[in-house]
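Q: Top to bottom, those sequences are chains A and B. 1 is the number of the first residue of the first sequence in full-length UniProt numbering; add one for each residue after it. 1 is the number of the first residue of the second sequence in full-length UniProt numbering; add one for each residue after it. Each residue gets a CB set at the ideal place from its N, CA and C atoms; glycine is no exception. All of these numbers come straight from a predicted model, not from anything done at the bench.
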Amino acid sequence: MDAIMLQEKLVERLLCARGRTTRQKDKQYVGFATLPNQVHRKSVKKGFDFTLMVAGESGLGKSTLVNSLFLTDLYKDRKLLNAEERINQTVEITKHTVDIEEKGVKLKLTIVDTPGFGDAVNNNECWKPITDYIDQQFEQYFRDESGLNRKNILDNRVHCCLYFIPPFGHGLRPVDVEFMKALHEKVNIIPLVAKADCLTPNEIKKLKDRVRDEIERFGIKVYQFPECDSDEDEEFKQMDKELKECTPFAVIGSNTVVEARGQRVRGRLYPWGIVEVENQSHCDFVKLRNMLIRSHMHDLKDVTCDVHYENYRAHCIQEMTSKLAQDNRIDSPIPILPLPTPDAETERLIKMKDEELKRMQEMLEKMQQQMHEKDTC
Amino acid sequence: MSEIVPPEVRPKPAVPAKPQGSSGGGSTLLGYVGIDTIIEQMRKKTMKTGFDFNVMVVGQSGLGKSTLVNTLFKSQVSRRSSGWSRDEKIPRTVEIKSVSHVIEEGGVKMKLTVIDTPGFGDQINNENCWEPISKYINEQYEKFLKEEVNIARKKRIPDTRVHCCLYFISPTGHSLRQLDIEFMKHLGRAVNIIPVIAKADTLTPEEKTEFKQRVRKELEVCGAEFYPQKEFDEDMEDKSDNDKIRETMPFAVVGSDKEYQVNGKRVLGRKTAWGIVEVENPNHCEFSLLRDFLIRSHLQDLKEVTHNIHYETYRAKRLNDNGGLHPISSSSDTQESNL
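1. Out of B:Phe232, B:Pro132 and B:Asn125, which has the shortest C-alpha to C-alpha gap to Ile115 of chain B?
2. Measure the beta-carbon distance from Tyr167 of chain B to Val94 of chain B and round it to whole angstroms, keeping in mind my assumption that it falls under 8 Å.
3. Whose Cβ in chain B lies nearer than 9 Å to the Cβ of Leu192 of chain A?
4. For Gly173 of chain B, which beta-bridge partners are listed by DSSP?
5. Return yes when the Cβ of Thr247 of chain A is within less than 8 Å of the Cβ of Lys186 of chain A, no when it is not.
6. Phe164 of chain A and Lys45 of chain A: beta carbons closer than 8 Å?
7. Measuring CB to CB, does Tyr227 of chain B end up less than 8 Å from Ile194 of chain B?
8. At a CB-CB cut-off below 7 Å, which residues of chain A make contact with Lys199 of chain B?
9. With a threshold of 8 Å between beta carbons, is His174 of chain B in contact with chain A?
10. Check distances from the C-beta atoms of the segment 115-141 of chain B to those of chain A and list, in chain order, the residues that come in under 7 Å.
11. By the DSSP assignment, the beta strand (DSSP E) with Leu269 of chain A in it spans what residues?
12. Short check: CB of Glu207 of chain B to CB of Gly173 of chain B, under 8 Å?
13. Which of the three DSSP states, helix, strand or coil, is assigned to Pro201 of chain A?
14. Are the C-beta atoms of Val57 of chain B and some chain A residue less than 8 Å apart?
15. Count the C-beta pairs between the segment 31-38 of chain A and the segment 114-130 of chain A that are closer than 8 Å, then say yes if the count reaches three, no if not.
16. Asp284 of chain A: which of A:Arg261, A:Val91, A:Glu242 and A:Lys237 sits nearest, CA to CA?
17. Between Asn255 of chain A and chain B, is there a C-beta pair that is closer than 8 Å?
18. Count the other CB atoms, across all protein chains shown, that sit within 10 Å of the CB of Tyr311 of chain B; report buried if there are 16 or more and exposed otherwise.
19. Gln280 of chain A: buried (16+ other C-beta within 10 angstroms of its C-beta) or exposed?
20. Taking its Cβ as the centre, do 16 or more other Cβ atoms sit within 10 Å of His315 of chain A, making it buried, or is it exposed?
21. For chain B, is any of its Cβ atoms less than 8 Å away from the one on Ile274 of chain A?
22. Per DSSP, which residues does Leu268 of chain B bridge with? Please list them.
23. Could you tell me the alpha carbon to alpha carbon distance between Glu373 of chain A and Lys358 of chain A, rounded to whole angstroms?
24. Excluding five sequence neighbours on each side, which residues of the same chain lie with their C-beta closer than 8 Å to the C-beta of Thr72 of chain A?
25. Per the contact definition of three or more C-beta pairs closer than 8 Å, is the segment 307-326 of chain A in contact with the segment 163-178 of chain A?
26. Compile a chain-ordered list of the residues in the segment 107-119 of chain A whose CB is closer than 7 Å to at least one CB of chain B.
27. For Asn67 of chain A, report the span of its beta strand (DSSP E) as first-last.
28. Considering just the uninterrupted stretch of the beta strand (DSSP E) at Leu109 of chain A, what are its terminal residues?
29. Is the segment 139-147 of chain A touching the segment 143-162 of chain B in the sense that three or more CB pairs, one from each, lie closer than 8 Å?
30. Considering only residues of the same chain and omitting the five flanking positions on each side of Lys244 of chain A, which have a CB-CB separation below 6 Å?
31. Could you say which of B:Glu218, B:Arg270, B:Thr49 and B:Asn322 lies nearest to Met184 of chain B if we only look at CA atoms?
32. Identify whether Met53 of chain A lies in helix, strand or coil by the three-state DSSP scheme.
33. Check whether the Cβ of Glu178 of chain A lies closer than 8 Å to any Cβ atom in chain B.
34. Using beta carbons (cut-off 8 Å, strictly below), is His284 of chain B in contact with chain A?
35. With the cut-off set at 8 Å, would you say Val277 of chain B and Phe232 of chain B are in Cβ contact?
36. Give the interface partners of Pro129 of chain A over in chain B, defined as CB-CB distance under 7 Å, in chain order.
Below, the structure is given as structure tokens:
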């Protein structure tokens with residue numbers, strides 16, 4: 001709430017400043033420089049939402065990382081299945097939603113988890129449930145957008161997908177490549193190297209180089225950081241460059257707090273040392289968190305809306321128009337998805353309302369005519 | 001059919017080493033005869049002939065198999081060091097590649113063969129990826145069998161049978177993967193499987209204990225036996241020793257071929273920003289337990305179990321299936337059924 005009050009004070013001051021100067025200055029200063037503040041105020045009131053998907057084999061520390069990123073425990077009552085129970089398990093999609101508030105800003109965070117991915121002996125097409133889910137969310141949004149009541153559209157589209165690469169291999173495995181290729185045009189993929197505390201610094205560097213090469217070689221389009229504006233200061237540009245060279249981020253997560261160097265930090269306690277999650281020389285967790293939450297959250301949403309969703313929409317419309325052309329029906333000027341056929345009850349209500357509307361329109365016309373006659377008289 | 005006793009198998013001494021006053025079944029000796037020197041004679045002979053030991057490593061790529069084998073035998077014996085480059089693509093089907101070296105220690109020569117299985121568990125569809133491995137193991141038994149039933153037998157049959165299979169479990173910290181269970185179920189009856197938890201420096205001590213417990217329970221539930229198998233314990237002493245070992249298996253290991261200075265000593269380890277993982281420190285990982293178990297105490301037992309149990313099972317099955325031994329391949333040596 002203090003942020004809002006601060007903004008209001010700022011606006012007031014700007015407006016007052018206008019009053020203090022002479023009338024002449026009034027002519028030059030319009031005041032729309034306060035627009036960003038107004039937008040800020042409105043969006044803070046409305047709150048933000050963000051949908052994050054985590055994908056990867058089980059046991060790579062996905063839940064732990066999510067807990068570490070958002071400093072909550074989203075998986076309190078999770079029961080891990082043993083291998084026998086998992087034999088016939090297919091890939092599921094589970095959603096956890098949590099409302100986080102910080103300094104007056106509300107965030108509705110949805111984590112979409114994919115248990116069972118890559119765990120079976122035969123993992124052919126194990127990404128299909130995931131692509132289906134993402135398409136479903138797009139379709140839902142498309143319907144809502146084309147519908148009549150657009151005031152409260154719920155945005156369930158997946159804004160970002162964190163893909164966990166196991167650190168035990170020598171780079172990308174076939175299942176990693178296939179998954180990313182199936183999803184890179186539907187969602188922003190951010191590849192991560194999981195459980196990075198089992199690698200020495202040299203090994204991390206080699207693995208990252210290898211993964212970057214293979215991503216380029218296979219033509220996988222992972223999320224690209226936007227170029228920074230040329231008027232940003234040098235320090236920012238330097239940080240941005242470092243960030244880009246650091247991908248894929250090598251991360252470590254932890255649910256436990258340990259004592260290190262006299263402080264209590266999130267970390268993992270080994271007999272040979274303590275790994276601190278937030279220590280930049282131990283892993284890239286801080287970089288990931290800053291990028292995901294503090295600098296690029298909005299950009300991720302924008303790219304989802306502007307690129308992935310638009311691709312889906314264009315593809316969808318193309319399909320529909322080609323189908324309509326095939327059926328030789330009249331093209332509707334606004335391409336909309338065929339609405340579900342209403343049932344009898346709604347039809348009746350619609351008819352009633354239509355008749356009422358007609359009656360009211362007629363009454364209005366009569367009144368207008370009367371008034372017009374009175375005026376002319 | 002006469003018993004075949006390959007020269008490497010040492011029979012347990014039938015009488016106690018020192019002459020006893022009143023032993024159970026044997027007659028009392030009136031002086032020192034010198035029967036116990038047979039042990040020394042056997043030892044000399046085996047030192048001259050040397051040992052064969054074949055170990056197979058199975059697991060997904062990148063779990064540290066080659067590094068561990070190199071660390072175990074303190075020499076560059078794995079496939080990686082004999083010219084195979086790390087950047088080779090993952091093969092489409094499971095391949096079997098074996099590399100042999102002769103290493104010597106204290107006058108004892110050992111011909112060590114390391115059999116690698118690249119491609120296991122690396123594909124998207126891993127169904128039946130253990131079949132090439134199973135086929136290979138059976139082929140070795142077949143080779144030995146053929147040599148055995150030959151009329152003009154070699155004095156010392158070259159032993160290419162797999163004595164031990166180190167199976168590498170990925171340290172997820174949750175439980176076994178389905179592929180692991182399938183492999184152990186299918187191959188536990190044909191070869192001695194020793195499961196190890198690879199890259200164990202990713203687990204804290206609590207996670208390690210929990211993971212091991214879960215793994216042991218799962219293996220018990222699905223009926224997959226790993227070495228040392230409970231049913232082959234010969235006497236109480238064996239049983240209690242092996243029980244202790246079974247409680248700590250699967251061993252959580254870390255392998256390394258680099259040395260670092262720790263407390264004034266040079267040790268094998270892995271250096272990270274937060275500390276050095278010492279491979280041979282029992283507080284850090286169980287590599288030394290594995291090494292002692294595999295090499296220093298149970299090496300001979302592994303070979304015996306392979307020969308007396310797994311090989312005999314295979315042989316019995318083959319004989320029963322064919323109702324006698326027919327030449328199964330186009331070998332021109334006359335092979336008659338000598339049952």
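A: So, to answer that:
1. B:Pro132
2. The Cβ separation is near 14 Å, so there is no contact.
3. The premise fails here: Leu192 of chain A is roughly 15 Å from chain B at the closest Cβ pair, so nothing lies under 9 Å.
4. According to DSSP, Gly173 of chain B bridges with nothing at all.
5. no
6. no
7. yes
8. Phe168 and Cys198
9. yes
10. Asp122, Gln123, Ile124, Asn125, Asn126 and Glu127
11. Gln263 to Tyr270
12. yes
13. helix
14. no
15. no
16. A:Glu242
17. no
18. buried
19. exposed
20. exposed
21. yes
22. B:Glu259
23. 23 Å
24. Val98 and Ile100
25. no
26. Asp119
27. Counting along the chain, Asn67 of chain A falls outside any beta strand (DSSP E), though it belongs to the alpha helix (DSSP H) covering Lys62 to Phe70.
28. Val105 to Asp113
29. no
30. Phe225
31. B:Glu218
32. strand
33. yes
34. yes
35. no
36. The contacting residues do not exist; Pro129 of chain A stays about 15 Å from chain B at best.
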